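A.B. asks: There's a structure below that I have some questions on.
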Amino acid sequence: MNQASKEVNSERHILHAVLQGLVTGLLLGAAFAAGFLFRDVVNRPTPSQTSFDLLREIDGLLASHYLYEMPDETTRIHGAAAGLVASLGNPYTYFQEPQASEVDTTNLAGRFGGIGAEIGRDEQGRFVIQRVYRDNPAYNAGIVEGDIILAVDGVPVDTSATDSNQLLAAIRGEVGTPVTLRLQRGDEVFEVTVVRAEILIPSVFWNLVEADPRIGYIKITSFTERTPEELRQALSELSTQGAQAYVLDLRDNGGGLVDSAVAVVSEFISGGVVLYEQRRGTGERVLNASQGGNALDAPLAVLINGQTASASEIVAGAFQDRGRAILIGQQSFGKGSVQVILTLSDGSSIHVTTAEWYTPNHHRLEGQGLTPDRTVEPVEGRDAQLEAALEYLSERLALVEGEY
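Quick note: the numbering used here has the sequence shown finishing at residue 524, numbered continuously throughout.
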C-alpha cells in the first residue's frame, strides 16, 4: 500500500468515528468521571489538514432526506465530537458540552457564584430544591426544600435532560448578579429573584466521636482546591477538643485533584513517596509528601468501600503502603488513570486519559483497587465499618496510654 492510500484510509477511519458521533452522539452521555482529574497547561497541536468532505456530504444528505426536524448545527457538531472521542474506547476519555464542563470546573474549585442550594429530581422527574444552605442567598430569599424549579430567567426547565448540568449552569453565574427562578410550592407558582453570592462547597466534615471523645471523625467527600485547608481546620479543632486518634472516612469519595490528595497525605505523613506517575514516552515521576503535617503521630484508621475511587485510592494506598494507617471496609473501585481537562473554543471540553498512578509499593490501581486490611461488610441498621475502626483505635490508644 502506497503512502497516499495509507493517508486516505487513515482519513476514512477518523471520519467514520466522527460520523458515528453525528448519528449517536446525543446518546453518548458523559462517562463515569469518578474523579482523578489533573489539570495541565498544554500546547495545542496545529490544525490537521485532513479533509472532512465526507462528513459535510453526509450532513447535507441528512438535511435533504431526514424525515424529522434536524438538530441545530451546534448539537450536530457536539454529537460528532463525542463520537470521535468515544471511538478511543476509554471510559474516562470523553467529550463534555459547555454547561457540564463549566459545572465540573467550578465543583473542582470548591467555590462558585450561586444561590446556595442543592438540586435533585423527584419521582416525576422534575427538578426540585433538595437542600438550602443556611444564611445563603436562597435561604434569605425564602426558598425551601421541595420547591419545584419551573424556569430560570424566563427559560423553562428542560425536564428531559439526563442530568442537572444545564440547569446548574443557568443558575450559577458571576457573584453579585441576579437570577430569577419561577418556582412551584404546592399549588402556588411564584417568582423570586436572588442575587448570586460566592458559594463554598464543603468537602470535609468532622466531629468528635461521642462514644469515645479521644477519637476524631473526619469525612472527605471529594478532593477540591479547598480540601487541604478544610482538613487543616478539622485537625486543629479536633486536636484542641482533645482528639488523639482519627478515623478518615473515604467511603463513596470519587476522587478529585491530585495536588489536594498529596496535601491530605502530607498532614499524616512527613515526606516520602505518595505515588508514582507513569506517562507514555516519559520516565516515571515521583510525587512526595511535604514536611510538617499536623497529625503525624496520631493513630489513624481509613474507611473505604466500592465507591472509593481515584484520588481517594491514592490517599488510602499511600497510607497502607507506608504503614501509616489500617484500611477498613471493602475493596475499592479501582481507578488509577489520570485525566487532563482540555477546554475547547466554545467552552466545551475533552477529558483525556494521559497517565496512570501507582502506590508507593508500585501497586497498580486501575482495574484492581485496594484490598482493605480488615474486610467489613455493611450491616443494615448500623455502621459496622465505623464501629470496627473505633474498636481498632481504642485498642491503639490503650497501648499508648499503658492501659490493660
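Glycine residues also receive a C-beta, built at the ideal position from the N, C-alpha and C atoms.
The structure presented is a predicted model; accordingly, all values stated were derived computationally and were not measured.
Could you tell me which residues DSSP pairs with histidine 471 in its beta bridges?
C.D. replies: Tyr214 and Ile461
A.B. asks: Along the chain, where does the alpha helix (DSSP H) containing arginine 352 start, and where does it finish?
C.D. replies: 347 to 360
A.B. asks: Let's test the definition: count the other Cβ atoms within 10 Å of the Cβ of alanine 518 and tell me whether it reaches 16, buried, or not, exposed.
C.D. replies: exposed
A.B. asks: Helix, strand or coil for asparagine 481? Go by DSSP, reduced to three states.
C.D. replies: coil
A.B. asks: How about proline 257 and valine 324: do their beta carbons lie closer than 8 Å?
C.D. replies: Taking 8 Å as the Cβ cut-off, proline 257 and valine 324 do not qualify as a contacting pair.
A.B. asks: With distances taken Cα to Cα, identify the nearest neighbour of proline 298 among Arg400, Thr344, Arg371 and Ala317.
C.D. replies: Ala317
A.B. asks: Could you say which of Gln451, Ser465, Thr479 and Val460 lies nearest to threonine 495 if we only look at CA atoms?
C.D. replies: Gln451
A.B. asks: Going by Cα to Cα distance, which pick from Ala475, Gly374 and Leu208 is closest to glutamate 404?
C.D. replies: Ala475
A.B. asks: Terminal residues of the continuous beta strand (DSSP E) containing glutamate 318?
C.D. replies: Segment 317 to 320, the beta strand (DSSP E) holding glutamate 318.
A.B. asks: At what residues does the alpha helix (DSSP H) containing glycine 203 begin and finish?
C.D. replies: 193 to 206 is the span of the alpha helix (DSSP H), which, as asked, contains glycine 203.
A.B. asks: Just curious, the beta strand (DSSP E) that alanine 240 is in, first and last residue?
C.D. replies: Rather than alanine, the amino acid found at residue 240 in this sequence is glycine. Judged by DSSP secondary structure, glycine 240 falls within the beta strand (DSSP E) whose first and last residues are 237 to 241.
A.B. asks: DSSP three-state label for tyrosine 95, please.
C.D. replies: Residue 95 is absent from the structure shown; the chain starts at 121 and stops at 524.
A.B. asks: Whose C-alpha, out of Ile335, Val329, Leu320 and Ala365, is nearest the C-alpha of glutamate 350?
C.D. replies: Checking every option, the nearest Cα to that of glutamate 350 belongs to Leu320.
A.B. asks: Alpha carbon to alpha carbon, what distance is there between alanine 504 and glutamate 497?
C.D. replies: 7 Å
A.B. asks: Measuring CB atoms only, is the segment 406 to 415 touching the segment 457 to 466, in the sense that at least three cross pairs come out at less than 8 Å?
C.D. replies: no
A.B. asks: When DSSP labels each residue in this structure, what does alanine 421 get in the three-state scheme?
C.D. replies: strand
A.B. asks: Does the distance from the CB of alanine 436 to the CB of threonine 428 come in under 8 Å?
C.D. replies: One thing to note: alanine 436 has its Cβ within 8 Å of the Cβ of threonine 428.
A.B. asks: Let's test the definition: count the other Cβ atoms within 10 Å of the Cβ of leucine 211 and tell me whether it reaches 16, buried, or not, exposed.
C.D. replies: Correcting the residue identity first, residue 211 is proline in this sequence and not leucine. Under this definition proline 211 is an exposed residue.
A.B. asks: Between which residues of its own chain and aspartate 466 is the CB-CB distance below 7 Å, once the five residues before and five after are set aside?
C.D. replies: Hits under 7 Å: Pro218.
A.B. asks: Mapping the DSSP letters down to three states, classify glutamine 304 as helix, strand or coil.
C.D. replies: strand
A.B. asks: Roughly how many angstroms separate the alpha carbons of alanine 154 and aspartate 179, rounded to a whole number?
C.D. replies: Any answer about alanine 154 is weak, because its pLDDT of 38 lies below 50 and its placement is not dependable; what the coordinates show is given next. Distance between the alpha carbons of alanine 154 and aspartate 179: 35 Å.
A.B. asks: Just to confirm the assignment, what range does the alpha helix (DSSP H) spanning leucine 288 have?
C.D. replies: First-last of the alpha helix (DSSP H) with leucine 288: 285 to 291.
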